[in-house]
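Throughout the sequence shown, residue numbering follows my numbering, covering 433 to 671 in sequence.
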Amino acid sequence: MLKSPITDIEHLKEARNDTPGNAEIMRLLSKLDTFRNGTHKQTVMITSALSGEGKSTISTNIAIASSRNRQRPSLIIDFDLRRPRLHHIFKVDKEPGVVDAVTNQISFQELIKDSGFPNLKIITSGNLNDSPIKIFNAQNIKAFLETASSFYDYIVVDAPPVIPVSDPLIIGKFVDNVILVAKAGETPKRVIKRAVDMIHNVEIEISGIILNNMRNVLPYYYDHKYYGYDYYNYNTNDK
Numbered sequence: 433m434l435k436s437p438i439t440d441i442e443h444l445k446e447a448r449n450d451t452p453g454n455a456e457i458m459r460l461l462s463k464l465d466t467f468r469n470g471t472h473k474q475t476v477m478i479t480s481a482l483s484g485e486g487k488s489t490i491s492t493n494i495a496i497a498s499s500r501n502r503q504r505p506s507l508i509i510d511f512d513l514r515r516p517r518l519h520h521i522f523k524v525d526k527e528p529g530v531v532d533a534v535t536n537q538i539s540f541q542e543l544i545k546d547s548g549f550p551n552l553k554i555i556t557s558g559n560l561n562d563s564p565i566k567i568f569n570a571q572n573i574k575a576f577l578e579t580a581s582s583f584y585d586y587i588v589v590d591a592p593p594v595i596p597v598s599d600p601l602i603i604g605k606f607v608d609n610v611i612l613v614a615k616a617g618e619t620p621k622r623v624i625k626r627a628v629d630m631i632h633n634v635e636i637e638i639s640g641i642i643l644n645n646m647r648n649v650l651p652y653y654y655d656h657k658y659y660g661y662d663y664y665n666y667n668t669n670d671k
């Protein structure tokens, strides 16, 4: 049986305000810290099965929470190049961004923008004028994330959804932890399972699954064998 890590996080409309969901995010960060294997650096990719499940909101709040507990700035990167959201959330310019760096049009340091939150920087998507295939190749992604890791200890990557595009299956090979977001009461269980299977098929481990907007719909998942109510280490042998 799959022992899938779950954290109940409400959809946070205002990331600046303290909410019950923030306590759940701090609990999630604490669990992620246990996966560090002695290193002080960590890159976490947030993805979802489909669009509209709240992954960008979750990414934002994880990044903000992580930045509050670290001496060095944290970084959030918008790798959802087809449907970028972070420039809207943080109210910053979309360009320059990931696209410009990966295509060697600009240096990494020129991408960094202030997020409006102390100790948190942001790299936006940039403007995708070319085929994503030219951007999302393993060599480009690996080099970009290695450069980011040389400047920042804690990095949150807001990746595209798994089922529509293969991008996160490439990005996921070069991060430390992969978190899958699903919308409780709306994302069908078969869709979540399909996303999990797609990630496993390329030999990427899932560190956790977050049920977003879970409050008041808990019975929907109560009897499903894939889910619990706490955050556990995901064991790919437990299927």
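Ideal placement from N, C-alpha and C gives every residue a C-beta, glycine not left out. Being a predicted model, the structure only gives us computed values, none of them experimental.
Can you tell me the Cα-Cα spacing of residue i and residue j, whole angstroms?
| i | j | result |
| --- | --- | --- |
| Pro505 | Ile494 | 13 Å |
| Leu643 | Ala614 | 5 Å |
| Gln541 | Ile555 | 10 Å |
| Arg502 | Ser480 | 27 Å |
| Asp465 | Met477 | 14 Å |
| Asn536 | Ser499 | 28 Å |
| Gly640 | Val588 | 14 Å |
| Glu578 | Lys473 | 11 Å |
| Ala681 | Ile595 | Outside the shown range of the chain, which is 433 to 671, sits residue 681, and nothing can be said about it. |
| Gly617 | Ile538 | 43 Å |
| Asp629 | Leu601 | 11 Å |
| Gly529 | Asn559 | 7 Å |
| Lys574 | Phe606 | 6 Å |
| Asn551 | Ser557 | 20 Å |
| Arg515 | Val531 | 13 Å |
| Val610 | Ile638 | 5 Å |
| His632 | His520 | 32 Å |
| Leu543 | Thr619 | 34 Å |
| Ala570 | Asp590 | 17 Å |
| Lys553 | Leu460 | 21 Å |
| Asp546 | Val597 | 29 Å |
| Lys526 | Val534 | 15 Å |
| Tyr584 | Ile508 | 10 Å |
| Ile490 | Phe549 | 16 Å |
| Leu513 | Glu485 | 17 Å |
| Val524 | Lys625 | 35 Å |
With H, G and I counted as helix, E and B as strand and the rest as coil, what does DSSP make of residue i?
| i | result |
| --- | --- |
| Ala575 | helix |
| Asn633 | helix |
| Ser539 | coil |
| Ala591 | coil |
| Ser581 | helix |
| Pro620 | coil |
| Ile603 | helix |
| Pro564 | helix |
| Ile457 | helix |
| Val628 | helix |
| Pro596 | coil |
On the DSSP bridge assignment, give the partners of residue i in chain order.
| i | result |
| --- | --- |
| Ala614 | Leu643 |
| Tyr586 | Gln474 |
| Lys545 | Ile554 |
| Asn559 | Answer by DSSP bridge pairing: none, since Asn559 is not bridged. |
| Asn609 | Val476 |
On the CB-based measure, 16 or more other CB atoms within 10 Å of its CB, does residue i come out buried or exposed?
| i | result |
| --- | --- |
| Gly604 | buried |
| Ser582 | exposed |
| Val634 | exposed |
| Asn561 | exposed |
| Ile496 | buried |
| Ile565 | exposed |
| Ser462 | exposed |
| Lys487 | buried |
Sequence ranges, alpha helix (DSSP H) only - wholly within the segment 463-536, length at least 4
487-499, 518-522, 530-534
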